[in-house]
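See below for the structure under consideration.
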Amino acid sequence: MLVPRHLIPGTTLSISLLGLGTVKFGRNQGVKYPTAFELPNDQAISELLDLARDLGINLLDTAPAYGISEERLGKLLAGQRHHWILSTKTGEEFEDGASRFDFSAAHTQASVERSLKRLRTDYLDLVLIHSNGDDLAVLEQTEVVPTLQRLKRDGKVRAIGFSGKTVEGGLAALQHLDVAMVTYNQVETSEASVIRYAYAHQKGIFIKKAFASGHSLHGAQHDSVSTAFEHILSVPGVTSIIAGTINPKHLKDNATRLAAAWQNRSPH
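Using our numbering, the letters of the sequence shown correspond one by one to residues 413 to 680.
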């Protein structure tokens with residue numbers, strides 16, 4: 413196993429320090445990557461998932477807004493459920509080329525039930541709130557948080573979290589939820605305070621846009637990956653870094669370089 417694992421603080425979930433983002437499994441419209449791409453076929457995804465397992469990666473990050481990602485994972489992971497930590501989201505829908513958001517109790521319940529069906533499982537390891545950017549309003553003025561808390565008590569969800577866009581949202585989310593997913597890379601560092609708060613209060617942190625959706629590496633040398641990982645791991649409190657790819661070489665390089673950055677990090 414190349415990629416290290418550890419528990420999400422306050423939970424029994426042991427996850428890999430590198431998670432595989434799966435937006436490219438199901439959607440290639442309205443995405444912010446620097447180059448266009450075709451959706452991979454089932455065999456290519458299956459081989460990528462096998463490689464991820466061999467590398468020690470067990471966290472898969474998906475969402476209803478990722479097109480057909482959930483359905484494809486549900487089919488391709490048949491018989492492998494116990495090997496994976498499945499993290500999906502609620503709140504954002506992507507339809508007819510545009511996003512819409514719904515944080516009502518009814519939609520949250522229906523979204524989780526639909527994800528269970530699509531992923532062909534009777535429980536979800538994590539469900540994150542997919543914020544529209546108005547983070548505090550989503551957390552404090554809608555029904556999504558208490559609905560997810562009830563679903564967690566009912567055993568349909570093992571841990572709950574928030575994928576937001578502001579420092580205030582991340583800090584507020586960690587008052588009531590298990591995990592915050594934050595943007596943190598060499599360009600965008602404002603949410604470092606959320607990571608530090610999570611570390612101090614034993615909460616989980618997932619990093620998104622570690623490479624600025626690929627833009628920071630577009631045309632760059634591979635050692636930029638190592639630099640990006642070293643930068644992220646210099647802040648204590650990171651639970652997992654979510655990196656999306658459909659390229660096996662990139663996946664292996666990411667795992668190798670993250671493992672090296674973890675091994676060489678300064679003690680906190």
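Note that CB positions come from ideal geometry on N, CA and C, so glycine has one too. All of these numbers come straight from a predicted model, not from anything done at the bench.
**Asked** For Trp496, which residues of its own chain have a beta-carbon under 7 Å away from its beta-carbon, when the five flanking residues on both sides are left out?
**Response** Asn470, Leu472, Leu489
**Message:** Out of Asn659, Leu670, Lys664, which one is the CA nearest neighbour of Ala456?
**Reply:** Asn659
**Message:** For Pro476, tell me which candidate among Ala571, Gln492, Val524, Leu432 has the shortest Cα-Cα distance.
**Reply:** Val524
**Prompt:** Short check: CB of Leu498 to CB of Asp454, under 8 Å?
**Reply:** no
**Prompt:** In the structure shown, what three-state DSSP assignment does Lys564 receive?
**Reply:** helix
**Pair within 8 Å by beta-carbon distance, Lys568 and Leu528** = yes
**Message:** With DSSP as the reference, identify every bridge partner of Ser428, one or two as the case may be.
**Reply:** Arg417
**Message:** For a test of your reading of the model: does the CB of Phe623 fall under 7 Å from any non-hydrogen atom of the ligand GDP? Yes or no.
**Reply:** Ligands are entirely absent from the displayed structure, and the ligand GDP is therefore not among its contents.
**Asked** In or out: Lys501 buried (at least 16 other Cβ within 10 Å) or exposed?
**Response** buried
**Chain-order list of residues whose beta-carbon lies under 7 Å from that of Glu482 (same chain, five-residue window excluded)** = Thr474, Pro476, Thr500, Ser527, Arg530, Leu531
**Item:** Entirely enclosed alpha helix (DSSP H) segments - the region 558–613, minimum 4 residues
**Value:** 579–585, 604–612
**Request:** Kindly indicate which three-state DSSP category Gly438 falls into: helix, strand or coil?
**Result:** helix
**Item:** Cut-off 7 Å between Cβ atoms - residues of its own chain near Thr533, not counting five sequence neighbours on either side
**Value:** Arg493, Leu498
**Other residues of its chain near Val606: CB distance less than 8 Å, five sequence neighbours each side excluded** = Val579, Gly582, Leu583, Leu586, Ala592, Val594, Ile617
**Residue from Arg565, Lys577, Phe574, His418 whose Cα sits closest to the Cα of Tyr535** = Arg565
**Request:** Please list, in chain order, all residues of the same chain as His627 whose beta carbon is under 6 Å from its beta carbon, the five residues on each side excluded.
**Result:** Only weak support exists for where His627 lies, its pLDDT of 46 falling under 50; the value from the coordinates is given anyway. Here the set comprises Pro446.
**Asked** Can you name, in chain order, every residue of its own chain whose Cβ lies under 6 Å from the Cβ of Thr554, other than the five neighbours on each side?
**Response** Phe515
**Alpha-carbon spacing of Ile427 relative to Leu645, whole angstroms** = 16 Å
**Message:** In this structure, how does DSSP classify Ala517 when only helix, strand and coil are distinguished?
**Reply:** helix
**Item:** Rounded separation between Trp378 and Ala622 - CA only
**Value:** The question about residue 378 has no answer here: the residues shown for the chain are numbered 413 through 680.
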